[in-house]
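To start, the structure itself, in C-alpha cells.
Protein chains: 2
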Amino acid sequence: MLDLIAFDADDTLWHNETIYSLTQNKLKQLLSKYRNTDTLEDDLYATERRNLHYFGYGIKSFTLSMIETAIELTDGQIQGRDIEQIINFAREMLETPTQLLEHVEETIAALSKTHKLMIITKGDLFDQETKIAQSGLADYFTHIEIVSEKTAGTYQILLDKYNLNPSRFLMVGNSLRSDVLPAVEIGGRAVHIPYHITWQHETAANESQADYFELEHIGLLPGFIETLR
Amino acid sequence: MLDLIAFDADDTLWHNETIYSLTQNKLKQLLSKYRNTDTLEDDLYATERRNLHYFGYGIKSFTLSMIETAIELTDGQIQGRDIEQIINFAREMLETPTQLLEHVEETIAALSKTHKLMIITKGDLFDQETKIAQSGLADYFTHIEIVSEKTAGTYQILLDKYNLNPSRFLMVGNSLRSDVLPAVEIGGRAVHIPYHITWQHETAANESQADYFELEHIGLLPGFIETLR
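Going down the list, the sequences are from chains Y and D. Okay, so the first sequence: first residue is 1 according to my numbering, each after it adds one. Okay, so the second sequence: first residue is 1001 according to my numbering, each after it adds one.
This is the structure we're talking about:
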C-alpha cells in the first residue's frame, strides 16, 4: 500500500520543544530581576512571529528573538552580561544531546526492513544535521530532506523529486499545521502523533476536515500500517 | 568533456562579503563611542571562529557573534538599545537585495543551453533559499544543494548522489578552501574566480599544489570551457 513513509523529526523522533520550553523558563528567571515576567511567553512569541520572515526557524532565530524581547521588556535596561547569558542559553541548547522519544529506535529499525523511509524536517540546516547525526538513526532513512517551511507546495516538490504517488505516501508527525494538513492536501496519507507540548505556531484547527489518523505513540505505527494493507 | 558544472553562490554568482564588510563597519561605528575599535575585525573573527562549531555560517550566526564581541569589547557596558541596533543590522543585511556579479546572468544563461548546471552553496538554509529565489537564476540550474560545510567528503557525497564522474565534473567558485581544493582533492576539476574581498576563514594556501584554473571573471568561463573540449 505504501511506497514510502516520511517522518517529521523534532518532537516526532526526538525531544525538541521541551528544550525550548526549559530555555524560556531560564529567560523568565533571568528577566525576573528587572520586571514582572507573567506575559513573557506571549511577548516572546510575538517577537518570534515578527522575526520568522527574517530569520526562519531554529535555535539561532529563537535566540535573536529572546535577546530582542529581553531588551524590549526591560526598556533597554538589561545588562550586557545578561544578554551574554542568553547567548549561553543558545549554546546550552545546542549542546543538549539529542534524546529519542520512547519506541522510536525499535519502530524505525523495524519499519526500515519493510519500507523506504524518509525524514522531512524544517528548521535550521546546521541544527538539524547535528541532531540527525547524533540520533544514530540516519542509516535507516533512504532520503533526508531539510526544508525551510513545510507547506503543501513543499510536499508536492518532494513527491515530484522522488517520483512518488501521493496515495502511496504516508507522512508521520506531531504538527497538524506542518506535517498532517499539507500532506493530506496534496493527496497523501498522514498520521498525527501529538507531542505533550505544542509550540503556539504549530497549532492548527482542522478546518478543512482533512482525513488523517491519530496515534498515541510511534510504537503503534507498525501495527497501524499492517491494517492499511 | 563535462557532464556538469557546479557553481558556488556567495561571491561567485552574487555579492555577499561586501554586505558583511559594510555591516562590520557599522558595528565599528556603533562601538566607537565605548572604546577604541582598531582590533574589531580580528576580535570579531576570533568570536566567529569560536562560535562556528555551535552556530555554523550565515547572517544569524554572524549577528550572535557581533553581539557577543560587542559585550566583550565593552566589558558588558554596551546598552540594550545598541544591541537592538545590531539586530537591526541583521535585518538590514537580510533585506539587502541579492545583487548579481557582473557577467553572471548572461554566462549562466548561455552555459545552461550546453551543460547541466548545479549550485553548491554552504550556509544558512533560509538565507541561501532567499538569495537563490531573489537571484532569478534558479531555473537555469538542474540541481541546487545547500550544505553546511564544503569539504572533500561533501563533494564526494554529492557526486555519488548524482552519479557523476569526478573527471567530468567542474566546480567554479571564489574560495580556494571551500570550492577549489576539496573539489580537486576528489579528482574533480576546478576554476577559481577570486572575489575582491575574502573572509579570513576562506583563505587557504595551496599546499598540496592542487591543479586548478584561475579566471579573472565569470564571463571568461564559456571560452575557457571550449578549450577543454
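Built from N, CA and C at the ideal position, the CB exists for glycine as well.
- A check of alpha carbon separations from Y/E129 across Y/E106, Y/Y155 and Y/T98 identifies Y/T98 as the nearest.
- Residue-level contact by beta carbon fails for Y/Y212 and chain D, as no gap is shorter than 9 angstroms.
- Y/W14 has Y/D10 and Y/L100 as its beta-bridge partners, per DSSP.
- C-alpha of D/Q1200 to C-alpha of Y/E17: approximately 36 angstroms in a straight line.
- Every beta strand (DSSP E) stretch that sits fully inside the region 128 to 159 of chain Y and reaches 3 residues is listed by chain position as 143 to 147.
- Contacts between Y/K60 and chain D, judged by CB atoms closer than 7 angstroms, involve F1055, K1060, S1061 and L1064 in chain order.
- For the options D/A1152, D/K1161, D/D1160 and D/P1166, the alpha carbon positioned closest to that of D/R1177 is the one of D/A1152.
- Among the residues of the region 159 to 181 of chain Y, none has a Cβ less than 8 angstroms away from any Cβ of chain D.
- A Cβ of chain D is located within less than 9 angstroms of the beta carbon of Y/G80.
- A check of alpha carbon separations from Y/D127 across D/I1120, D/E1149 and D/L1117 identifies D/E1149 as the nearest.
- Residue pairing of Y/H192 in beta bridges, as defined by DSSP: Y/G173 and Y/E214.
- Taking C-beta atoms as the reference points, Y/M118 and Y/I144 count as a pair closer than 9 angstroms.
- Within the region 33 to 61 of chain Y, complete beta strand (DSSP E) segments of at least 3 residues are not found at all.
- With contact defined as three or more Cβ pairs closer than 8 angstroms, the region 23 to 39 of chain Y and the region 6 to 13 of chain Y are not in contact.
- Spanning the alpha carbons of D/T1121 and D/K1131 requires a straight line of approximately 11 angstroms.
- Using a 10 angstroms sphere on the CB of D/T1154, the tally of other CB atoms reaches 16 or more, which defines it as buried.
- Straight-line spacing of the CA atoms in D/L1221 and D/I1108 works out to 10 angstroms.
- The beta carbon of D/S1167 sits closer than 7 angstroms to the beta carbons of G1187 from its chain, once the five residues preceding and following it are set aside; these are given in chain order.
- Per DSSP, the continuous beta strand (DSSP E) segment holding D/T1121 begins and ends at K1116 to K1122.
- Restricting attention to Y/E202, Y/Y212, Y/S135 and Y/I197, the CA atom closest to the CA of Y/F169 is found in Y/Y212.
- In the DSSP assignment, Y/I5 is bridged to Y/L117 and Y/L170.
- Taking a C-beta distance under 9 angstroms as the contact criterion, Y/L64 and Y/F55 qualify as a contact pair.
- Counting other Cβ atoms within 10 Å of its Cβ, D/E1068 reaches 16 or more and is therefore classed as buried.
- Taking the Cβ atoms as the reference, D/M1093 lies roughly 5 angstroms from D/I1019, within the contact range of under 8 angstroms.
- Rounded to the nearest angstrom, the Cβ distance from D/D1003 to D/N1165 is 7 angstroms, consistent with a contact under 8 angstroms.
- Inter-residue distance for D/D1038 and Y/Q29 is about 37 angstroms (C-alpha atoms, whole angstroms).
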